[in-house]
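Comments concern the structure below.
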Amino acid sequence: MISKYLVRDVMKKGVVEVSLDTKLSDVIKTMAKYDISSVVVSDGERFWGIITDTDILKHYHELDKTAEEIMTVNPITVSPEAPLEKAIEIMSEKSIHHLYVKSPCEDKIVGVISSKDIIKLFSDLIE
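UniProt numbering applies: residue 1 is where the sequence shown begins, and numbers increase by one.
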């Protein structure tokens with residue numbers, strides 16, 4: 001059923017970025033503004049980590065902390081050319097809900113695939 005899909009077919013292209021020194025309170029506002037559940041932390045040139053809604057819940061009482069202080073470093077990534085089944089396997093094995101998509105040509109995040117994206121695809125396929 002899903003064997004014909006690649007990560008690039010389901011991922012959301014582009015990402016919302018915050019800088020290393022962004023306060024948690026501003027990260028929360030950014031995520032709410034774009035109605036997203038994760039952001040990439042970068043310095044404009046290099047990708048340093050991610051902040052997810054789970055990170056927000058862990059640090060909700062520390063609004064003055066910076067993105068650098070609460071981000072998940074070295075998040076797991078996948079190629080846009082990977083089979084969707086591989087992405088599902090990684091997410092399941094690692095118990096993660098966001099998998100960032102890294103360009104095979106350069107050290108750049110080009111998108112994200114979330115468990116919600118996969119569930120939506122499943123829903124569309126069984127209708």
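From the three backbone atoms N, C-alpha and C, an ideal C-beta is built for every residue, glycine too. Remember, predicted model here, so these are calculated numbers, not experimental data.
- The shortest CA-to-CA distance from Val-16 to any of Glu-127, Tyr-100 and Lys-4 is the one to Tyr-100.
- If you compare the alpha carbons of Leu-24, Ile-70, Lys-33 and Val-18 with that of Arg-46, the shortest gap goes to Val-18.
- The stretch 22-34 and the stretch 104-120 do not touch, with fewer than three beta-carbon pairs separated by less than 8 Å.
- By the C-beta density criterion, Val-41 is buried, having at least 16 other C-beta atoms within 10 angstroms.
- Nearest neighbour of Asp-53 by Cα position, chosen from Ile-76, Asn-74 and Ile-28, turns out to be Ile-28.
- A residue is called buried when at least 16 other Cβ atoms come within 10 angstroms of its Cβ; Gly-44 does not meet this threshold and is exposed.
- Taking a contact as a CB-CB distance under 8 Å, the pair Ile-113 and Val-7 counts as one, their CB atoms being some 6 Å apart.
- Cβ atoms of Ile-2 and Glu-85 come within 8 Å of each other, at about 6 Å.
- With 16 or more other CB atoms across the displayed protein chains lying within 10 angstroms of its CB, Ile-51 is buried.
- Listed as beta-bridge partners of Leu-99 by DSSP are Ile-113.
- Of the candidates Ser-25, Ser-115 and Ile-109, Ile-109 places its Cα closest to the Cα of Val-78.
- With respect to the C-alpha of Thr-66, the residue from Ile-76, Asn-74 and Asp-55 having the closest C-alpha is Asp-55.
- Look at Val-10 here: in three-state DSSP terms it is helix.
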